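A.B. asks:
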Amino acid sequence: MHLTLLKCKLHRACVTHSELDYEGSCAIDDELLALAGIREYEQIQIYNVTNGERFTTYAIRAEAGSRVISVNGAAAHKAAPGDRVIICAFATMTEAEADAHKPALVYLDERNQVLRTGDAIPAQAA
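The sequence shown lines up with residues 100 to 225 when you count with our numbering.
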């Protein structure tokens, strides 16, 4: 059996650009891609914390150190500059791989500066 688990996420990234007339994708600062382990052209899920939209696109590289998060093409209708989003990538793995898996979690501030990283989400308290 194969399972699909969270591979990595950029938590509460701030959208810097929304480009309707650009080839569809999401441009992400190259340093943030590397830190999270998201590959260029990899499928990503974006969850817009600001407006509740959820959509699928793919990652493209933005200039390293720019802290750009640009939602492009048709997806630009789903996110605006200033919106806070969670960008996730998932991986399919065997149960044995899943037992050892730890996701790469990158937590960002409103300027897309890294606040902290981790590999586990604490259990939610009642």
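Just so it is clear, CB atoms sit at the ideal spot from N, CA and C, and this is done for glycine as well.
Model, not experiment: these values are computed from the prediction.
Am I right that T103 and T191 are in contact with their C-beta atoms under 8 angstroms? What's the rounded C-beta distance?
C.D. replies: Yes, they are in contact, since the Cβ atoms of T103 and T191 sit about 5 angstroms apart, within 8 angstroms.
A.B. asks: Report the three-state DSSP secondary structure of D128 (helix, strand or coil).
C.D. replies: Note: D128 maps to strand in three-state DSSP.
A.B. asks: Identify every run of the beta strand (DSSP E) within the region 132-201, keeping only runs that are complete inside it and at least 3 residues long; order them along the chain.
C.D. replies: As far as the region 132-201 is concerned, its whole beta strand (DSSP E) runs of at least 3 residues are 142-147, 153-161, 168-171 and 183-193.
A.B. asks: Taking the beta carbon of T115 as the centre, do at least 16 other beta carbons fall within 10 Å, making it buried, or is it exposed?
C.D. replies: Buried: at least 16 other Cβ atoms inside 10 Å.
A.B. asks: Measuring alpha carbon to alpha carbon, tell me which residue in A225, S117, D218 and E152 is nearest L204.
C.D. replies: Among A225, S117, D218 and E152, the Cα nearest to that of L204 is on D218.
A.B. asks: Check each candidate in R215, Y206, A195 and N171 and name the one with the smallest Cα separation from H101.
C.D. replies: Nearest option by C-alpha distance: A195.
A.B. asks: Can you name the start and end residues of the beta strand (DSSP E) that E118 belongs to?
C.D. replies: Run containing E118: H116 to E118, per the beta strand (DSSP E) assignment.
A.B. asks: Can you name the residues that DSSP bridges to Y206?
C.D. replies: Its beta-bridge partners are H110 and R215.
A.B. asks: Report the option in R153, N147, L109 and Q142 whose CA atom is closest to the CA atom of P180.
C.D. replies: For P180, the nearest C-alpha among the options comes from N147.
A.B. asks: Compute the Euclidean distance between the alpha carbons of A222 and N211, then round it to the nearest angstrom.
C.D. replies: So the two alpha carbons sit approximately 25 angstroms from each other.
A.B. asks: Do you know offhand how far A158's Cα is from E139's?
C.D. replies: Looking at the two C-alpha atoms, the distance is approximately 5 angstroms.
A.B. asks: Identify which residue in A126, A188 and E209 has its Cα closest to the Cα of I143.
C.D. replies: Closest option to I143, Cα to Cα, is A188.
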